[in-house]
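Here's the structure, in structure tokens; my notes come after.
2 protein chains.
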Amino acid sequence: MSEIEFKKRKSIEQVEESTDLAPKFDKDGLIPVVTTDFDSGEVLMQGFMNEEAFKKTITFGEAVYYSRSRNTIWHKGKTSGLVQKIKEIRIDDDQDSVWLKVQVKGGASCHVGYRSCFYRSISIENKNFKKIKLKFEEGEKVFDPKDVYGDSPNPTKL
Amino acid sequence: MSEIEFKKRKSIEQVEESTDLAPKFDKDGLIPVVTTDFDSGEVLMQGFMNEEAFKKTITFGEAVYYSRSRNTIWHKGKTSGLVQKIKEIRIDDDQDSVWLKVQVKGGASCHVGYRSCFYRSISIENKNFKKIKLKFEEGEKVFDPKDVYGDSPNPTKL
Numbered sequence: 001m002s003e004i005e006f007k008k009r010k011s012i013e014q015v016e017e018s019t020d021l022a023p024k025f026d027k028d029g030l031i032p033v034v035t036t037d038f039d040s041g042e043v044l045m046q047g048f049m050n051e052e053a054f055k056k057t058i059t060f061g062e063a064v065y066y067s068r069s070r071n072t073i074w075h076k077g078k079t080s081g082l083v084q085k086i087k088e089i090r091i092d093d094d095q096d097s098v099w100l101k102v103q104v105k106g107g108a109s110c111h112v113g114y115r116s117c118f119y120r121s122i123s124i125e126n127k128n129f130k131k132i133k134l135k136f137e138e139g140e141k142v143f144d145p146k147d148v149y150g151d152s153p154n155p156t157k158l
Numbered sequence: 001m002s003e004i005e006f007k008k009r010k011s012i013e014q015v016e017e018s019t020d021l022a023p024k025f026d027k028d029g030l031i032p033v034v035t036t037d038f039d040s041g042e043v044l045m046q047g048f049m050n051e052e053a054f055k056k057t058i059t060f061g062e063a064v065y066y067s068r069s070r071n072t073i074w075h076k077g078k079t080s081g082l083v084q085k086i087k088e089i090r091i092d093d094d095q096d097s098v099w100l101k102v103q104v105k106g107g108a109s110c111h112v113g114y115r116s117c118f119y120r121s122i123s124i125e126n127k128n129f130k131k132i133k134l135k136f137e138e139g140e141k142v143f144d145p146k147d148v149y150g151d152s153p154n155p156t157k158l
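Quick note, the sequences are listed as chains A and B, same order.
Using the numbering used here, the first residue of the first sequence is number 1, and each one after it goes up by one.
Using the numbering used here, the first residue of the second sequence is number 1, and each one after it goes up by one.
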């Protein structure tokens, strides 16, 4: 991993207008990441990387995150096989946010079995905010989580 | 704002498989948000909302974020006019991440003047990680930030 060196952040102009890669990690050492499907453009998931995960993502050409619930580096797909192959990495204006465009083996990315983790929308009828509800936007699961994860603990925390 | 009530998180099944809106805010009271252009699907920006910003986003039908650098609620576009009109709101499997699909007045979303905040990609030639560089993916700015923001302080922090 020693080969990649991020640049020091020296000026707003350097960060916003230059070709220096000088990412900013927050007080917990993390940078937020949005991951989209390279072909459909759909948002698959949102996560975080620490410096090690970011460097591994670049080096491996596969998405590596930092799991906040498990406090560990997380090479996506190592359990499920649903590896995310990196097609493009973008960084935002002030370099504190990353966008990964990926191709996913198997076409699904969500541990619940859906294509995208964002399989529900917020539904409000007639501005009746008291009756706010979620609506399922994906009709069918792509896989059965039990087949893929077996008895592994569910990563969702209450 | 009192009209919207988020549900209490009771079980993994409720959070992942039901129609209850039961978002999870992190230890700082924030939830990450990815915002895409409703028409092109392009990722425009990534930000955060606190509970108040999330409820205002739903109620106003316009994106309201929480600015971590300025520690304040941030109704996007109030200074620049680049308001983000909400077309759809999605939430992820464990309800700790939000996806906004928006239409932006003026077609640009980034304070630097580009359409998307993610106007640069990470460029690696021949796996030479020592020579990693950013590459500009948008050719021209959509607006001149000086015309829009005048002497307002730049939000980018080193």
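Note that beta-carbon positions come from the ideal geometry of N, C-alpha and C, so glycine has one too.
Predicted model, so just to flag it, every value in this text is computed and none were measured.
Between the stretch 43–63 of chain A and the stretch 133–148 of chain A, the count of Cβ pairs shorter than 8 Å is below three; the stretches do not touch. Under the three-state reduction of DSSP, Val15 (chain A) is assigned to helix. Counting other Cβ atoms within 10 Å of its Cβ, Arg115 (chain A) reaches 16 or more and is therefore classed as buried. The alpha-carbon separation between Thr36 (chain A) and Lys55 (chain A) amounts to approximately 19 Å. Distances from the alpha-carbon of Asp147 (chain B) to those of B:Val112, B:Ser121, B:Phe118 and B:Lys131 put B:Val112 closest. Contact check for Asp94 (chain B) against Thr79 (chain A) fails: the beta carbons are separated by 7 Å or more. For Val102 (chain A), the enclosing beta strand (DSSP E) covers residues Val98 to Val104.
The stretch 127–154 of chain B is shown to contain whole beta strand (DSSP E) runs of 3 or more residues at 133–136, in chain order. Runs of alpha helix (DSSP H) with 4 or more residues, each lying fully within the stretch 24–102 of chain A, are found at 51–60, listed in chain order. Each residue's CA atom was taken as its position, placing Glu42 (chain B) and Lys10 (chain B) some 35 Å apart. Classified as buried, Pro23 (chain B) has 16 or more neighbouring CB atoms from the shown chains inside 10 Å of its CB. In summary, Lys76 (chain A) is buried, with 16 or more beta-carbon neighbours lying within 10 Å of its beta-carbon over all protein chains present. Three or more beta-carbon pairs separated by less than 8 Å are not found between the stretch 121–130 of chain B and the stretch 99–106 of chain B, which leaves the two stretches without contact.
Burial is judged here by how many other beta carbons sit within 10 angstroms of a residue's own beta carbon; Thr72 (chain A) has fewer than 16 and is exposed.
Counting the other Cβ atoms within 10 Å of the Cβ of Pro153 (chain A) gives fewer than 16, which makes it exposed. Classified as buried, Ser97 (chain B) has 16 or more neighbouring CB atoms from the shown chains inside 10 Å of its CB.
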